[in-house]
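Peer 1: First, the structure itself, so that you have it in front of you.
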Amino acid sequence: TMRNHAQVLKTRSSSSILFVSSREEQQSKSKSSPPTPDYGKTTIDIDQHRLEKITGSNKWRRPELFGSSLIDQTLEELSTNVEFQETAQKLQAVGQAGMSKEERTKRRRALDSLGVPPFNQFLYSQSKSKTESKAEQEVGKKLELDSANSKEIRLERKKTEVLQLNVGLYCNQACTHCHVESSPLRKTEMMDAETAAKCVSILNSTPSIHTLDITGGAPELNSNFRYIVQMARNLAREQGRKLDIIDRCNLTVLQEPGQEDLIDFLVENDVHVVASLPCYSSDNVDTQRGNGVFDRSISALLALNDAGYGRQNDINSSGGKTLKLDLVYNPLGAFLPPPQEMLEAKYKEELHNNYGIVFNSLYTMTNMPVKRFTDFLYKRGELKDYMDLLVRNYNGDTVEKLMCRNTISVGYDGKIFDCDFNQQLGYTIGAEDKLFEGGKTVFDISSLDDLSCDKIQNDNHCFGCTAGMGSS
2 TMRNHAQVLK
12 TRSSSSILFV
22 SSREEQQSKS
32 KSSPPTPDYG
42 KTTIDIDQHR
52 LEKITGSNKW
62 RRPELFGSSL
72 IDQTLEELST
82 NVEFQETAQK
92 LQAVGQAGMS
102 KEERTKRRRA
112 LDSLGVPPFN
122 QFLYSQSKSK
132 TESKAEQEVG
142 KKLELDSANS
152 KEIRLERKKT
162 EVLQLNVGLY
172 CNQACTHCHV
182 ESSPLRKTEM
192 MDAETAAKCV
202 SILNSTPSIH
212 TLDITGGAPE
222 LNSNFRYIVQ
232 MARNLAREQG
242 RKLDIIDRCN
252 LTVLQEPGQE
262 DLIDFLVEND
272 VHVVASLPCY
282 SSDNVDTQRG
292 NGVFDRSISA
302 LLALNDAGYG
312 RQNDINSSGG
322 KTLKLDLVYN
332 PLGAFLPPPQ
342 EMLEAKYKEE
352 LHNNYGIVFN
362 SLYTMTNMPV
372 KRFTDFLYKR
382 GELKDYMDLL
392 VRNYNGDTVE
402 KLMCRNTISV
412 GYDGKIFDCD
422 FNQQLGYTIG
432 AEDKLFEGGK
442 TVFDISSLDD
452 LSCDKIQNDN
462 HCFGCTAGMG
472 SS
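Mapping of the sequence shown onto this note's numbering: residues 2 to 473, in sequence order.
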């Protein structure tokens with residue numbers, strides 16, 4: 002036993018000597034021999050090491066989704082959504098006008114408790130403050146003072162450059178932030194062929210329009226969507242007119258049955274796709290837009306890329322078409338969006354590295370305190386804080402480019418509004434303070450120039466368009 006133990010010690014001692022000798026030999030060699038080409042280039046900050054992700058994975062190319070509807074799933078989710086059911090019951094009880102009045106009262110009470118005057122009076126106070134920006138000073142020269150109240154500023158309407166058409170409230174999704182409260186339940190609220198044709202006629206007779214912005218709902222689900230696009234594009238080509246035709250796309254509509262050729266149609270007519278994607282992570286998107294929407298959105302973006310969209314305006318490779326693909330971000334909750342340029346860079350990094358997706362630009366939008374979002378804030382006791390946030394972050398540089406100044410928004414029924422938000426609240430042009438009553442329609446005019454003398458209607462929701470980088 003003693004002999005065996007001694008032998009073990011000898012073996013261990015020998016191996017230790019060999020180990021030490023080997024280490025000393027390596028150190029000696031490292032001093033005398035030149036290092037290998039890449040030796041020493043790896044940083045010791047190993048917590049910063051990242052594996053490069055393989056882009057363009059076939060996992061996200063989901064051809065089986067195209068032709069499959071999201072509508073049944075959305076309807077099922079709505080049937081178990083308590084807040085949605087409560088809102089539907091209230092709508093049935095008091096109507097749209099009653100709900101808009103109640104919503105406006107909630108915002109006004111929140112602002113009153115903060116000591117904030119009505120929007121047009123607030124603009125006046127800001128234009129007279131010592132801290133007004135250069136942009137505000139320039140705008141101030143053009144703003145029209147309301148003769149009935151010298152302490153109030155009325156925004157001056159410019160030549161109409163953007164014609165926005167909301168062709169219907171029917172949608173295959175029911176997003177929590179949706180200010181138009183679209184869903185699959187609103188199938189009958191769709192622009193008809195006569196109204197669509199009149200809108201094209203107005204486009205033809207208003208040469209100052211350079212952008213046709215088609216929205217919804219999911220506008221592509223209106224049977225007149227393709228008619229409007231084709232007629233507008235043909236009109237622009239015949240007149241040699243530069244016209245940006247925008248499709249406000251929720252992405253998942255590309256996979257709805259009957260829309261299998263939609264991407265080809267958009268390419269053919271050089272339609273500018275502006276798609277909503279509230280985050281580059283699945284959890285946030287599905288929370289806001291419904292289960293499985295993120296996967297469907299990624300698959301749709303890849304399909305648009307494959308068709309040539311989003312490839313940095315490479316006109317030569319897309320048959321002379323621009324095929325722009327822009328994304329829109331809006332916050333999940335009661336906070337302002339991050340800086341647009343920084344967030345765009347982050348989106349491009351994440352979407353390209355993880356999924357192989359490319360796009361042109363990202364636009365950050367402040368959530369407007371209207372409709373579903375107002376209800377969301379009120380129930381959480383956050384409406385006052387959010388209105389305070391909007392007022393505190395007033396940015397005078399946004400005033401010159403507010404959408405109500407160069408845009409006319411047309412509802413699915415042909416009624417005319419200063420902007421999309423006024424449309425959903427029922428502030429029709431020419432109706433003064435009557436909500437969802439009277440006002441002008443497309444059948445009352447031959448050109449948008451006919452509206453040049455109509456006042457822009459502002460109210461307490463307009464603080465959303467002047468906060469941070471705005472929502473226009």
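Positions of the beta carbon are idealized from the N, C-alpha and C atoms, including for glycine.
#1: With a 10 Å radius around its C-beta and 16 neighbouring C-beta atoms as the bar for buried, classify Ser-277 as buried or exposed.
#2: Hey, how far is the Cα of Ser-453 from the Cα of Arg-158?
#3: Here's the rule: buried if 16 or more other CB atoms are within 10 angstroms of the residue's CB, otherwise exposed. What is Ser-447?
#4: Can you give the Cα-Cα distance for Pro-119 and Ser-126, rounded to whole angstroms?
#5: Closest to Phe-360 by CA distance: which of Pro-339, Pro-338, Val-329 is it?
#6: Beta-carbon within less than 8 Å of Tyr-395's beta-carbon, same chain only, minus the 5 sequence neighbours each way: which residues are those?
#7: Where do the N-terminal and C-terminal ends of the beta strand (DSSP E) with Cys-250 fall, by residue?
#8: Since Val-411 contacts Asn-167 with CB under 8 Å, what's their CB separation in whole angstroms?
#9: Please list, in chain order, all residues of the same chain as Ala-237 whose beta carbon is under 6 Å from its beta carbon, the five residues on each side excluded.
#10: Under a three-way DSSP split, which group does Met-191 fall into?
#11: Quick one, are the C-beta atoms of Gly-217 and Leu-170 less than 8 Å apart?
#12: Alpha carbon to alpha carbon, what distance is there between Val-392 and Glu-103?
#13: DSSP three-state call for Ile-417: helix, strand or coil?
#14: Compute the distance between the beta-carbons of Asp-262 and Thr-323, then report whether it is under 8 Å.
#15: Which of the three DSSP states, helix, strand or coil, is assigned to Arg-312?
#16: Which value, in whole angstroms, describes the spacing of the CA atoms of His-353 and Leu-267?
#17: Compute the Euclidean distance between the alpha carbons of Asn-355 and Cys-176, then round it to the nearest angstrom.
#18: With three or more C-beta pairs closer than 8 Å as the rule, is the stretch 361-375 touching the stretch 178-185?
#19: Is Gly-259 closer than 8 Å to Gln-174 when the C-beta atoms are compared?
#20: Output yes if chain C places a C-beta closer than 8 Å to the C-beta of Asn-121; else output no.
#21: In terms of residues, what are the limits of the beta strand (DSSP E) holding His-273?
Peer 2: So, to answer that:
#1: It is buried - the Cβ of Ser-277 has at least 16 other Cβ atoms within 10 Å.
#2: 7 Å
#3: exposed
#4: Here the C-alpha atom of Pro-119 lies approximately 11 Å from the C-alpha atom of Ser-126.
#5: The shortest CA-to-CA distance from Phe-360 to any of Pro-339, Pro-338, Val-329 is the one to Val-329.
#6: Phe-123, Gln-127, Phe-464, Thr-467, Ala-468
#7: 245-250
#8: 7 Å
#9: Leu-244
#10: strand
#11: yes
#12: Taking the straight line joining both Cα atoms gives about 21 Å.
#13: strand
#14: no
#15: coil
#16: 23 Å
#17: 25 Å
#18: yes
#19: no
#20: The structure shown contains no chain C; it is built from a single protein chain.
#21: Element bounds for His-273: 273-277.
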